[in-house]
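For the record, the sequence lines run as chains A, B, C and D. Using my numbering, you'd call the opening residue of the first sequence number 1 and step up by one each time. Using my numbering, you'd call the opening residue of the second sequence number 1001 and step up by one each time. Using my numbering, you'd call the opening residue of the third sequence number 2001 and step up by one each time. Using my numbering, you'd call the opening residue of the fourth sequence number 3001 and step up by one each time. Okay, so here's the structure we're looking at.
4 protein chains.
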Amino acid sequence: MNERSFILDSIMHNKHDLILRAAEKIIAAGGIQGLSMQQVANEAGVAAGTIYRYFKDKNELILELRRDVLAQVASAILADHDKGTLEQRFKRIWMKMHDYGKQRSPANLSYEQYAHLPESNTDEIRQLEMGLFAPLQQLFEEGIKQGLIQPLNPRFLYAIAMEPSMALARSIRRGLIEYDEKDITLACDICWRAILIPNTPTN
Amino acid sequence: MNERSFILDSIMHNKHDLILRAAEKIIAAGGIQGLSMQQVANEAGVAAGTIYRYFKDKNELILELRRDVLAQVASAILADHDKGTLEQRFKRIWMKMHDYGKQRSPANLSYEQYAHLPESNTDEIRQLEMGLFAPLQQLFEEGIKQGLIQPLNPRFLYAIAMEPSMALARSIRRGLIEYDEKDITLACDICWRAILIPNTPTN
Amino acid sequence: MNERSFILDSIMHNKHDLILRAAEKIIAAGGIQGLSMQQVANEAGVAAGTIYRYFKDKNELILELRRDVLAQVASAILADHDKGTLEQRFKRIWMKMHDYGKQRSPANLSYEQYAHLPESNTDEIRQLEMGLFAPLQQLFEEGIKQGLIQPLNPRFLYAIAMEPSMALARSIRRGLIEYDEKDITLACDICWRAILIPNTPTN
Amino acid sequence: MNERSFILDSIMHNKHDLILRAAEKIIAAGGIQGLSMQQVANEAGVAAGTIYRYFKDKNELILELRRDVLAQVASAILADHDKGTLEQRFKRIWMKMHDYGKQRSPANLSYEQYAHLPESNTDEIRQLEMGLFAPLQQLFEEGIKQGLIQPLNPRFLYAIAMEPSMALARSIRRGLIEYDEKDITLACDICWRAILIPNTPTN
DNA sequence: AATGAATGAGGATTCATTCAT
DNA sequence: GATGAATGAATCCTCATTCAT
């Protein structure tokens, strides 16, 4: 094995990931319905049969991809999540989530495809989601304990304060609204203040 | 055709709708992937070939269903949308949207399946969505003109104030959080106040 | 539908049987391993998908064929099985079995293929076989009651007296021995006398 | 290669046989249809590719296995075939054949799988079978010369006198009849006397 | 010699769509 | 208009075989 392929290996170090990335790309472009194993094979540059050395079947490929993409999203969004004040931490996550959601990257585009599958909201995936977003939940709980954030179920707080971040990102990505940094910053601030206990000066 | 079927006709006045309802039900249960024309035919009580008298092909069936469901959603949410103060109007829509989204009705369950299809966000559907939600947009614009609501693009306002309504409904429907009327009322109020211009007393 | 196809229908009155005959032919020529659904479709002159309107899957096709062939064999062998003395009845069955087994007909050739499948000796098939060969069993039992035939389990008697009939037929069919009517008649007589109680004059 | 493997080698002296035994076992369990080269490799504890060092392809593996099993059967059945009177010799072979056929050993179970393959009744296999069963043929011929056994083609005699032995063994192995030594001894005697020239006292 | 990853043709099965009745 | 049998392309998956290491 030569040096070049060694370097490539460090980026995409095996066929398992190569196949995962191919599937991700295809799902991003055509949805889960548009995913055929032959397409994945073509995109990954392997034979169809090779996929089955790495994944038991199509279901498992999709499931692993889901796990993988979830991990990508979480790591992108939660970088440095523990630095600074609560407000800084919240806004950093909000903005990262927004920035991530705006991308047309395969990972992001495919991410949305899994969320609304009827059958697939397995307990396992749910656990995974909860684990990955634990830091956010913790942030909310800290805020509640400090008497800063409204004493609501973290999922309420997430729905109120974070969903708008993704919704705006989606609208921008789809070209429905133009991106304006000032507006986004404002929206982020609105979301933050929305979950605070009223009459609490935040600065 | 006898009288009885005439009465039925006034409810489901033709096979076109019969097929649409069957497709809706199947998508609600098994997602768009789980939709086969034979299943639709069985559920609708017609022959497979009959579907093609009313719909050019499967794509068009799905597209029409999407239009149809969108109209259902809009009519459910926008009933009485023009009665009362801005706040009353907003909260009525917010609550109706929430109540609708909580349901396990075929219409609602299938609704989510279309939203995230990659290809299908046609201009036509976009126009339709905009038309149907025009009253909400108008509400926002009135609020802005009155100096009550923040002067932001209505889609921003929608993302900040309305997405949480649907997100909460989804979480409740999926059993992730328990329904508590007081909390929902609070969330609705938070969403409303979030888009107001600060320091504006709302009552 | 014209007259000709009506007549054909009375011979091979539907696709179900058409497919069964095609499968039988292919198995006769190439064994069960050589049976592909596409081949069956080609041989039957139908599309591959059509097979699945008549048979749930390949297994069921094979199972039904097995039942069908078993019935063919039985009806060929057991015609007039109840006419005449015990000896005449036995010899008639023996000869018919022999004649049938000598044929290169698809039914006969495929028949042997099922017999030695490891998994497929289902209870159902076993019941079927027993039912079809009930007349033979009855013949043995009558002979035993009359003190003519040795008081052995009918399966013993079958093994001793009937298996040679099939074995000889197979050898002739495969060209290992030449057919000689006199010898066959002798073999038949030997088999009959073999199961009689010794010192019983049979004429 | 150390001493221990040298001893093992004397039992199963090379991979060729190791692979053969693995294939035999798999065929015994699941029929020829259930034989995949990967399974054979796993069972034999070698890599899939290794099989191809010893066998040109799957067909040849099966063919060699067939030869091998045939030799096993013959050696098991024909041990001491030349000791004693004709009757003793016949009955010894008959009983050994019966005992062998009753076993659930891989060799025996796989043996039946080859017998009814349509294509594979090659001349070569035929020659092999004839060679291996030559002693039996010789026994028949001696009996004929002595005026003891009916002057029939040895294959006739085989069909009449020996097939029941295997047929009974099969029925016992499959649980269709219970094993009873007395009955088997009787059946063996019946088979022997069946091919004798009538009115010839055998003792 | 041995390995086992990779190949890709071939097999079973599904399903949107057509069309003779 | 309605039917549903028939079609056959497309899909998932298996497995005999090859070949770089």
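The C-beta atom is built at its ideal place from N, Cα and C for all residues, glycine as well. Keep in mind it's a predicted model, so treat the numbers as computed, not measured.
- Neighbours of G131/A across chain B, judged by C-beta separation under 9 Å, do not exist; the nearest C-beta is about 15 Å away.
- Listed along chain A are H116, each with a C-beta nearer than 7 Å to that of Q1113/B.
- Sequence-ordered contacts of the segment 2169-2180 of chain C with chain D read S2171, R2174, L2176, I2177 [C-beta pairs closer than 8 Å].
- Listed along chain D are E3163, P3164, A3167, each with a C-beta nearer than 7 Å to that of E2163/C.
- A straight line joining the alpha-carbon of S2036/C with that of Q3033/D spans about 13 Å.
- From the beta-carbon of R2092/C, no residue of chain D is found nearer than 7 Å; the closest lies around 19 Å away.
- For A48/A, the CB contacts under 7 Å within the same chain, skipping 5 residues up- and downstream, are M37, Q38, A41 in chain order.
- In the same chain as V1069/B, and ignoring 5 residues on each side of it, the C-beta atoms closer than 8 Å to its own belong to E1024, A1107, S1110, Y1111, Y1114, in chain order.
- Taking 7 Å as the upper bound on Cβ-Cβ separation, chain B lies near residues L152, N153, R155, F156 of the segment 135-158 of chain A.
- Contact note: D2183/C reaches chain D through L3152, N3153, F3156, using a C-beta cutoff of 8 Å and chain order.
- In the DSSP assignment, G1031/B falls outside any alpha helix (DSSP H), carrying neither H nor E.
- Straight across, the Cα-Cα distance linking I3177/D with A2134/C is about 16 Å.
- Secondary structure of I3177/D (DSSP, three-state): coil.
- Taking 8 Å as the threshold, the shortest C-beta distance from G3101/D to chain C does not fall below it.
- Pairing L196/A with I184/A gives a Cβ-Cβ distance that is not under 8 Å.
- Closer than 8 Å to the CB of I1032/B there is at least one CB belonging to chain A.
- Look at the segment 3149-3178 of chain D and you find these whole runs of alpha helix (DSSP H), each 4 residues long or longer: 3154-3157, 3163-3173.
- The beta carbons of L78/A and G143/A sit about 17 Å from each other, so the pair does not count as a contact at 8 Å.
- In this structure, the CA atom of R2155/C is about 54 Å from the CA atom of G1030/B.
- By the 16-neighbour rule on beta-carbons within 10 angstroms, S2075/C is exposed.
- The continuous alpha helix (DSSP H) containing L3070/D extends over residues 3058-3077.
- Collapsing the DSSP output to three states places L2196/C in a strand.
- At a C-beta separation below 7 Å, I1160/B has these neighbours in chain A: P164, A187, I190, C191.
- The C-alpha of C1191/B is placed about 51 Å away from the C-alpha of T50/A.
- A buried status is given to G3101/D, since no fewer than 16 other beta-carbon atoms sit within 10 Å of its beta-carbon.
- The beta carbons of A1161/B and A1194/B sit closer together than 8 Å.
- For R66/A and Y54/A, the gap between their C-alpha atoms comes out near 15 Å.
- In the assembly as shown, Q2127/C is an exposed residue. Its beta-carbon has fewer than 16 other beta-carbons within 10 Å.
- Straight through space, the alpha carbons of Q1150/B and L63/A are spaced by roughly 42 Å.
- Assignment of T3185/D by DSSP, reduced to helix, strand and coil, places it in the helix class.
- In the structure shown, G2143/C falls within a helical segment according to DSSP collapsed to helix, strand and coil.
- Per DSSP, the unbroken alpha helix (DSSP H) holding N1108/B starts and ends at 1106-1115.
- Here DSSP, grouped into helix, strand and coil, assigns N3014/D to coil.
- Neighbours of A22/A across chain B, judged by C-beta separation under 9 Å, do not exist; the nearest C-beta is about 17 Å away.
- Where F1133/B is concerned, there is no enclosing alpha helix (DSSP H), because DSSP gives it neither an H nor an E.
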